[in-house]
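A.B. asks:
2 protein chains.
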Amino acid sequence: MSAIADVARLAGVAKATASRALSGRGYVSEETRQKVIAAAREIGYVASPNAASLVTGRTKSIGVIIPFISRWFFSEVLESMEQALLDEGYDMTLYNLPAPSPERERVFDYFLARKRFDGVISVGVALSDEEVTLLHRLGRPLVGIGGPIRGVDTIAIDDVAAARLATEHLLSLGHTDIVHIGGSKDDEMDFQVHSNRLTGFFAALRDAGLSTERSGLFFACEFTMPGGYEVGLSVFGDPRTRPTAVFAASDEIAIGLIVAARELGIQVPADLSVIGIDGHPYADMFRLTTLEQHPRKQGRFAVEALLAELENPTPQSEDDHLTVLPTNLAIRSSTSGPRQPHGS
Amino acid sequence: MSAIADVARLAGVAKATASRALSGRGYVSEETRQKVIAAAREIGYVASPNAASLVTGRTKSIGVIIPFISRWFFSEVLESMEQALLDEGYDMTLYNLPAPSPERERVFDYFLARKRFDGVISVGVALSDEEVTLLHRLGRPLVGIGGPIRGVDTIAIDDVAAARLATEHLLSLGHTDIVHIGGSKDDEMDFQVHSNRLTGFFAALRDAGLSTERSGLFFACEFTMPGGYEVGLSVFGDPRTRPTAVFAASDEIAIGLIVAARELGIQVPADLSVIGIDGHPYADMFRLTTLEQHPRKQGRFAVEALLAELENPTPQSEDDHLTVLPTNLAIRSSTSGPRQPHGS
DNA sequence: GGTTTTGATGGAACCGGTTCCAGCAGGGCG
DNA sequence: CGCCCTGCTGGAACCGGTTCCATCAAAACC
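Residue numbers (full-length UniProt numbering), protein chains in the order written: chain A, 1 to 344; chain B, 1 to 344.
1. Cα-Cα, which of B/Ala-220, B/Phe-301, B/Glu-103 is closest to B/Pro-67?
2. At the level of alpha carbons, what is the spacing between residue 411 of chain B and A/Ala-113?
3. Buried or exposed: B/Ala-21, going by 16 or more other Cβ atoms within 10 Å of its Cβ?
4. Distance cutoff 9 angstroms, beta carbons only. Does A/Phe-111 sit that close to anything in chain B?
5. Rank A/Lys-35, A/Gly-151, A/Leu-170, A/Arg-140 by C-alpha distance to the C-alpha of A/Ala-308 and give the top, closest one.
6. Please state whether DSSP places B/Asp-153 in a helix, a strand or coil.
7. What whole-angstrom Cβ distance do A/Val-64 and A/Ile-121 have, given they're in contact under 8 angstroms?
8. Enumerate, from N- to C-terminal direction, the unbroken beta strand (DSSP E) stretches of 3 or more residues contained entirely within the region 302-341 of chain A.
9. Compute the beta-carbon to beta-carbon distance between A/Val-268 and A/Ser-172, rounded to the nearest angstrom, for a pair I have assumed lies under 8 angstroms.
10. Determine the DSSP secondary structure at B/Ile-4, reduced to helix, strand or coil.
11. So, at 6 angstroms on beta carbons, what are the nonlocal neighbours of B/Gly-26 in its own chain, with the 5 sequence-adjacent residues on each side left out?
12. Under 9 angstroms, Cβ to Cβ, is there at least one residue of chain A near B/Gln-83?
13. How many angstroms separate the CA atom of B/Ser-61 from the CA atom of B/Ala-305?
14. How is B/Leu-272 classed by DSSP in three states: helix, strand or coil?
15. Please report whether the beta-carbon of A/Ile-256 lies at a distance below 9 angstroms from any beta-carbon of chain B.
16. List the DSSP bridge partners of A/Asp-91.
17. Closest to A/Tyr-282 by CA distance: which of A/Val-7, A/Arg-9, A/Phe-73 is it?
18. Suppose you measure from the CA of A/Arg-332 to the CA of A/Glu-292; what does that come to, to the nearest Å?
19. Over the uninterrupted beta strand (DSSP E) stretch that includes residue 385 of chain A, give me the two end residues.
20. Excluding the five sequence neighbours on either side, which residues of its own chain have a C-beta within less than 6 angstroms of the C-beta of A/Ser-2, listed in chain order?
21. Among the residues of its own chain, which have a CB less than 7 angstroms from the CB of B/Gly-227, if the five just before and after it don't count?
22. Looking at the secondary structure, which residues open and close the beta strand (DSSP E) in which B/Leu-127 lies?
23. Looking at the structure shown, is A/Gly-119 part of a helix, part of a strand, or coil, going by DSSP?
24. What residues from chain B crowd round A/Leu-229, counting only those whose CB sits closer than 7 angstroms?
25. Can you grab the Cα-Cα spacing for the pair A/Ser-273 / A/Asp-118, in whole Å?
26. Any Cβ of chain B within less than 9 angstroms of the Cβ of A/Glu-42?
27. If we ignore side chains and look at the alpha-carbon of each, how far apart do B/Met-285 and A/Tyr-229 end up?
28. According to DSSP, what are the bridge partners of residue 391 of chain A?
29. For a contact meaning CB atoms closer than 8 angstroms, what does B/Arg-114 contact in chain A?
30. CB-CB under 8 angstroms to B/Glu-79, same chain, minus the five flanking residues each way: which ones, in chain order?
31. For chain A, is any of its Cβ atoms less than 9 angstroms away from the one on B/Ser-29?
32. Identify, in the order they occur along the chain, each residue of the same chain with its Cβ nearer than 7 angstroms to the Cβ of A/Leu-217, setting aside the five sequence neighbours on each side.
33. Hey, quick one: how far does the beta strand (DSSP E) through A/Ala-248 stretch, first residue to last?
34. So, helix, strand or coil for A/Thr-167, using DSSP?
35. Determine contact between the region 195-204 of chain A and the region 153-168 of chain A, defined as no fewer than three beta-carbon pairs at a distance below 8 angstroms.
36. Note down, in chain order, every chain B residue with its Cβ under 8 angstroms from the Cβ of A/Ile-69.
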């Protein structure tokens, strides 16, 4: 209800002075500043960010585009970003956009095109060139998490390297009959995580001198625990396709596999080693060896990068700057050497 | 860059007419409307919601306060609310506020007090009287999910009844040695869900003529799968405290218990029946009998209620209107009669 | 046929801040 | 002693829309 004009009147100064006193910009004597602050407090004045945004062009608000909320990686990223943004005085407005869709177009045209945000963070969403162009044309910085986008600063782990490391862990234990279970290319998650992890897996096998030609090396499943559980039942149920070790593309899949294995009476790790990628909080209770990535760090990093860009905008660097965050192997007891060493 | 004045000039009309043509309010001839729309498209005009909000007082944006993002119930609610709000042309701005804290105070004073939102939805957060008052004083409607807040419309399930139903299911199977495992009162989740579910449990026992006086009927744990796993190991590990059935306060806890039971060689349901509350997507793969609540419906309902209130505001009804949404029992094979019928 | 109603439009005020510019006092400097 | 610089303040324009009010033509009414 109360506007800055009311504060000014009560304090006996002009609107301009009141504004300066409250925002801390420009010259104001300490005396009048105190008067103004007292007056503001007295009538319970709260500034209208809308009015301020209108003239300054800054909204103190960041838009976030994310394909899932409930999946672990994404909810972790979200929580850490929210935290970091709040600390810096920014609002976070959320757009949950699963696949490319008419709806997604609408969000871009209708929501993001308006100048409601100082910047945008896109998490695990492969933006099309037009979408990037649209966002760029608005002059708003854009930071991505999870895979390179043309002309956008991006934070990610190296999925190929991570998959390679995970696979190499199994190889180093002596496994030669290793299977990869992960997401399929036509998953809704449209980034290249799936194919990258598959690539890293194959690369590690080849480097170890193993053939990657034969079939049955890879099985696709939904990127969830039930997804892993189901392929687990079918793949491990058939003794002919049962490997001695599995590299799962995510911890949830890995855990699903472990649950399936236990139901089938397969000992982990004696009969079957399992390794995942993520660092999921459930990993510990299933004693899952995993390659930890750190979504919270990724989220925080993205926020920092975006806010830094807002502080002093770099002159439209066309080269997409990619920041690769580290992963680390957390060894638990879901992996060990194979029961019957191959070729002995 | 381009303002409505530019559109007006190009179309050869006044600002007022252009505004009417584009917003669809007031009289505009079909002919000039087309002219204006064409002009707007030509220069790529997008309206500034800030400017509009400034005069209309409506922001087309809803604030959401939520204590967790990554826990199942909350992420489901969040996803459904985001969906529903987007459909209606609203933005959703997220405040992730775990416990009452100085931070939370800051959010209220600094973020919510500003008139950035048309309304607020609070999910699973027990607002203090002052917080409610603050929000009310802003004249913005407020809807809650999950437990009554003084003077606020709330959507929730009946936790006491749900717990009672779950317990009665076990009783009807012939169990008399039932334990409840759930969250503790000093959990960060400050609503009464924990105590309500405990109350319902005890009520069901009493109605069945069982004593609720002896100790060892309830064990507290963290409200997660690892939380359930850990109490599971300790409670079931000791044969003296092992019941024939467990009512878990959430599916995640229940699943943790099942995993623990399996590791201990306890057959579910032959040696131990387990029932949960939630309807978690993992319930199926663990064949968990559960009392399903429907967070997505709760979220959608909350959005509808809030938007309805925005459409035609009811004159400050002081009585807190509580909408109770139904739950339903989904019977799978984690529950059966006890192996050795009691008292035979 | 004269008056009222309806439809369409333009002018101007307004929402609530920020910022540019001008003015003014007093202290430091040449 | 006059001038300039610094610190401080007020007036007014402005951001980009919406809406009230006045105007006016054409249609509808009695």
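For glycine and all other residues, C-beta sits at the position ideal for the given N, C-alpha and C.
C.D. replies: Considering the structure as presented:
1. Residue 67 of chain B sits at position 67 when you count from the first residue of the second sequence. Just measuring C-alpha positions, the residue of B/Ala-220, B/Phe-301, B/Glu-103 sitting nearest B/Pro-67 is B/Glu-103.
2. Missing from the structure shown is residue 411 of chain B; chain B here goes from 1 to 344 and no further.
3. The residue labelled residue 21 of chain B in the question sits at position 21 within the second sequence. Label assigned to B/Ala-21: buried.
4. Working through the first sequence from its first residue, we reach residue 111 of chain A at position 111. So, interface residue.
5. Working through the first sequence from its first residue, we reach residue 308 of chain A at position 308. In terms of CA proximity to A/Ala-308, A/Arg-140 leads the group A/Lys-35, A/Gly-151, A/Leu-170, A/Arg-140.
6. Residue numbering aside, residue 153 of chain B sits at position 153 when the second sequence is read from its first letter. Three-state DSSP puts B/Asp-153 in a strand.
7. Translated into positions along the first sequence, residue 64 of chain A becomes position 64. Translated into positions along the first sequence, residue 121 of chain A becomes position 121. With a Cβ gap of about 5 angstroms, A/Val-64 and A/Ile-121 count as contacting.
8. If we require 3 residues or more, the beta strand (DSSP E) runs fully inside the region 302-341 of chain A come out as 322-324, 328-330.
9. Within the first sequence, the letter at position 268 stands for residue 268 of chain A. Within the first sequence, the letter at position 172 stands for residue 172 of chain A. Actually they are not in contact, since the Cβ atoms of A/Val-268 and A/Ser-172 sit about 18 angstroms apart, beyond 8 angstroms.
10. Counted from its first residue, the second sequence places residue 4 of chain B at position 4. DSSP, reduced to helix, strand and coil, places B/Ile-4 within a helical segment of the structure shown.
11. Your numbering for residue 26 of chain B matches position 26 in the second sequence. Around B/Gly-26: Arg-20.
12. Taking the second sequence and counting its residues from 1, one reaches residue 83 of chain B at position 83. Under the Cβ criterion of 9 angstroms, B/Gln-83 is counted among the residues facing chain A.
13. Your numbering for residue 61 of chain B matches position 61 in the second sequence. Your numbering for residue 305 of chain B matches position 305 in the second sequence. When the Cα atoms are used, B/Ser-61 and B/Ala-305 turn out to be separated by approximately 15 angstroms.
14. Your numbering for residue 272 of chain B matches position 272 in the second sequence. Of the three classes helix, strand and coil, the one that applies to B/Leu-272 here is coil, per DSSP.
15. Translated into the one-based positions of the first sequence, residue 256 of chain A becomes position 256. In the sequence as presented, Ile is not what sits at residue 256 of chain A; that position holds Gly. Yes, contact with chain B.
16. What you label residue 91 of chain A is simply residue 91 of the first sequence in a count that begins at 1. BP columns for A/Asp-91 point to A/Ser-61.
17. Numbered from its first residue, the first sequence carries residue 282 of chain A at position 282. Measuring from the Cα of A/Tyr-282, the nearest candidate turns out to be A/Phe-73.
18. By one-based count along the first sequence, residue 332 of chain A stands at place 332. By one-based count along the first sequence, residue 292 of chain A stands at place 292. Cα-Cα distance, rounded: 12 angstroms.
19. Nothing about residue 385 of chain A can be read from this structure; chain A reaches only from 1 to 344.
20. As a first step, residue 2 of chain A is located in the first sequence; it is residue number 2 there, counting from the start. The beta carbon of A/Ser-2 sits closer than 6 angstroms to the beta carbons of Ile-43, Tyr-45 from its chain, once the five residues preceding and following it are set aside; these are given in chain order.
21. Along the second sequence, read from residue 1 onward, the residue named residue 227 of chain B stands at position 227. Exclusion of the five residues before and after B/Gly-227 leaves Cys-221, Ile-253, Gly-256 as the residues of its chain whose Cβ lies within less than 7 angstroms of its Cβ.
22. Taking the first residue of the second sequence as position 1, residue 127 of chain B is located at position 127. Going by DSSP, B/Leu-127 is part of no beta strand (DSSP E) at all; its letter is neither H nor E.
23. Position 119 of the first sequence, counted from the start, is the residue given in the question as residue 119 of chain A. In the structure shown, A/Gly-119 sits in a strand (DSSP, three-state: E or B).
24. Numbered from its first residue, the first sequence carries residue 229 of chain A at position 229. This sequence places Tyr at residue 229 of chain A; Leu is not what is there. By Cβ distance, chain B contributes Met-285.
25. As a first step, residue 273 of chain A is located in the first sequence; it is residue number 273 there, counting from the start. As a first step, residue 118 of chain A is located in the first sequence; it is residue number 118 there, counting from the start. Distance between the alpha carbons of A/Ser-273 and A/Asp-118: 47 angstroms.
26. In the first sequence, the residue the question calls residue 42 of chain A occupies position 42. Not closer than 9 angstroms to any Cβ of chain B, the Cβ of A/Glu-42 fails to qualify, so no.
27. Taking the second sequence and counting its residues from 1, the one referred to as residue 285 of chain B is at position 285. Taking the first sequence and counting its residues from 1, the one referred to as residue 229 of chain A is at position 229. Taking the straight line from one Cα to the other gives about 7 angstroms.
28. Limits of chain A in this structure are 1 at one end and 344 at the other, which puts residue 391 of chain A out of reach.
29. Residue numbering aside, residue 114 of chain B sits at position 114 when the second sequence is read from its first letter. Those are Val-46, Ala-47, Ser-48, Pro-49, listed as they occur along chain A.
30. Taking the first residue of the second sequence as 1, we reach residue 79 of chain B at position 79. Cβ contact annotation for B/Glu-79 (same chain, cutoff 8 angstroms, sequence separation greater than five): Arg-296, Gly-299, in chain order.
31. Counting from one through the second sequence, the residue named residue 29 of chain B turns up at place 29. With 9 angstroms as the cut-off, B/Ser-29 does not count as an interface residue toward chain A.
32. On the first sequence, residue 217 of chain A is found 217 positions in, with the first residue counted as 1. Closer than 7 angstroms at the Cβ level, and outside the excluded window around A/Leu-217, lie Val-179, His-180.
33. As a working mapping, residue 248 of chain A is identified with position 248 in the first sequence. Here the beta strand (DSSP E) through A/Ala-248 covers 245-248.
34. On the first sequence, residue 167 of chain A is found 167 positions in, with the first residue counted as 1. Three-state DSSP puts A/Thr-167 in a helix.
35. Pairwise C-beta distances place the region 195-204 of chain A in contact with the region 153-168 of chain A, as three or more of them are shorter than 8 angstroms.
36. Translated into positions along the first sequence, residue 69 of chain A becomes position 69. The answer, in chain order, is Ile-69, Ser-75, Leu-78, Glu-79, Glu-82.
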